[in-house]
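2 protein chains.
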Amino acid sequence: MPTQNSLESPCPVARSAELIGDRWSLLIVRDAFDGVRRFGDFQRGLGVARNILSDRLRRLVEAGVLATRPASDGSAYQEYALTDKGEQLFPVVVALRQWGERHLFAEGEPHSRLLARQSGEPVAFMAPRAADGQVLAPDDTVVKKLS
Amino acid sequence: MPTQNSLESPCPVARSAELIGDRWSLLIVRDAFDGVRRFGDFQRGLGVARNILSDRLRRLVEAGVLATRPASDGSAYQEYALTDKGEQLFPVVVALRQWGERHLFAEGEPHSRLLARQSGEPVAFMAPRAADGQVLAPDDTVVKKLS
DNA sequence: TCAGTCTGGTTTCAAAATGAAACTCATTGA
DNA sequence: TCAATGAGTTTCATTTTGAAACCAGACTGA
Chain R
53 MPTQNSLESP CPVARSAELI GDRWSLLIVR DAFDGVRRFG DFQRGLGVAR
103 NILSDRLRRL VEAGVLATRP ASDGSAYQEY ALTDKGEQLF PVVVALRQWG
153 ERHLFAEGEP HSRLLARQSG EPVAFMAPRA ADGQVLAPDD TVVKKLS
Chain P
53 MPTQNSLESP CPVARSAELI GDRWSLLIVR DAFDGVRRFG DFQRGLGVAR
103 NILSDRLRRL VEAGVLATRP ASDGSAYQEY ALTDKGEQLF PVVVALRQWG
153 ERHLFAEGEP HSRLLARQSG EPVAFMAPRA ADGQVLAPDD TVVKKLS
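For the protein sequence lines, the chains are R and P, in the order given. Last residue of the first sequence: 199 in our numbering, with the numbers rising by one and none dropped. Last residue of the second sequence: 199 in our numbering, with the numbers rising by one and none dropped.
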């Protein structure tokens, strides 16, 4: 677990990074979007050590990204599901995915793809936009401190 | 440095997470978008230990996210600048920022904001969209394995 | 109903990563 | 010329990670 601080940083990126800016948390959230709910399934899917998984799940639950609830299969066990807050990480995961797709695979190297369920077409590349829909490059933006 | 593997994962999220899925790398990239270029400026700005910064910068350079070049101020030192590949992380950083803005600050708690330089208005909330511009919720998408 | 198994952890311990501080060495500024 | 600064590297103690063993409650089949 990264040293707990910077949760007081006035920079939203820093706070987000503090919370989910580590490999396992990110991958847990990715799997959650893929419908994984159970401890054992996360564990097997990720190959993460159980104690670490346990720790990360706890952190994510504390942060309100995941919530535990009785398992939907009727067993006495519980499951971990994305909260609304967690669901809203979707753009983060998609952004990571799209960047990875574009830059981390060799020409022609196979990789999984994100498709729109309806059309079956790849999801369009996501970009920040101005109010008028114009795509914003980094230089088209300014960070205003502490407003 | 997270244990180097999963760079062979067929999942783009996993590869991205491996590379930039740690607090410092993320914050270094954020600062780079903010125009920070020099070792010392990163170090002072982030409060990161020099050896760790050194390691992360090396990794990011190796990965082609940053590149070194002679400092633009004419001194004999070098600077670290985002490459094209690095610039394309913009949506990732913006997504993290927007999520943080929305979920990691108390009501009315002040935080920095990302504005469109032209209009001065906040950047619109970023979301994955279908080809027709329709916003896609997680359930509206499917991950197709290994295409 | 009772032995065996599965699930969801916790504990233990060694190995790896991190962080603080001291150290180096080139550059710069006065 | 000399002190201060910049950009690291080294050292070493602390923290985090990961693998494996362990454990207590469900569950299952005979």
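Ideal Cβ placement from N, Cα and C applies to all residues, glycine included.
(request) Identify each residue in the stretch 169-191 of chain R for which the Cβ-Cβ distance to at least one residue of chain P is less than 9 angstroms, and report them in chain order. (result) 169, 170, 171, 172, 173, 174, 175, 176, 177, 178, 179, 180, 181, 182, 183, 184, 185, 186, 188, 189, 190 and 191
(request) Decide yes or no for the touch test of the stretch 94-112 of chain R against the stretch 63-80 of chain R: beta carbon pairs closer than 8 angstroms, at least 3 of them. (result) yes
(request) Could you tell me which residues DSSP pairs with residue 131 of chain P in its beta bridges? (result) P/121
(message) Check whether chain R comes within 8 angstroms of residue 149 of chain P, counting only Cβ atoms and requiring the distance to be less than that.
(response) yes
(message) Suppose contacts are defined by Cβ-Cβ distances below 8 angstroms. Is residue 168 of chain P in contact with residue 191 of chain R by that definition?
(response) no
(request) For chain R, find out if any of its Cβ atoms is closer than 8 angstroms to the Cβ of residue 140 of chain P; answer yes or no. (result) yes
(request) Identify whether residue 69 of chain R lies in helix, strand or coil by the three-state DSSP scheme. (result) Helix at residue 69 of chain R.
(request) Going by DSSP, name the residue or residues bridged to residue 167 of chain R. (result) R/174 and P/194
(message) Just verifying my parser: in three-state terms, what is the DSSP assignment at residue 88 of chain R?
(response) coil
(request) Under 9 angstroms between beta-carbons, which chain P residues line up against residue 156 of chain R? List them in chain order, please. (result) 59, 64, 67, 68, 70, 71 and 115
(message) Can you look up residue 100 of chain P in the DSSP assignment and give me helix, strand or coil?
(response) coil
(message) Whole angstroms are fine: how far does the CA of residue 181 of chain R sit from the CA of residue 64 of chain R?
(response) So the alpha carbons of these two residues sit roughly 18 angstroms apart.
(message) Using only CA atoms, which one of R/68, R/80, R/66 and R/142 lies nearest to residue 106 of chain R?
(response) R/80
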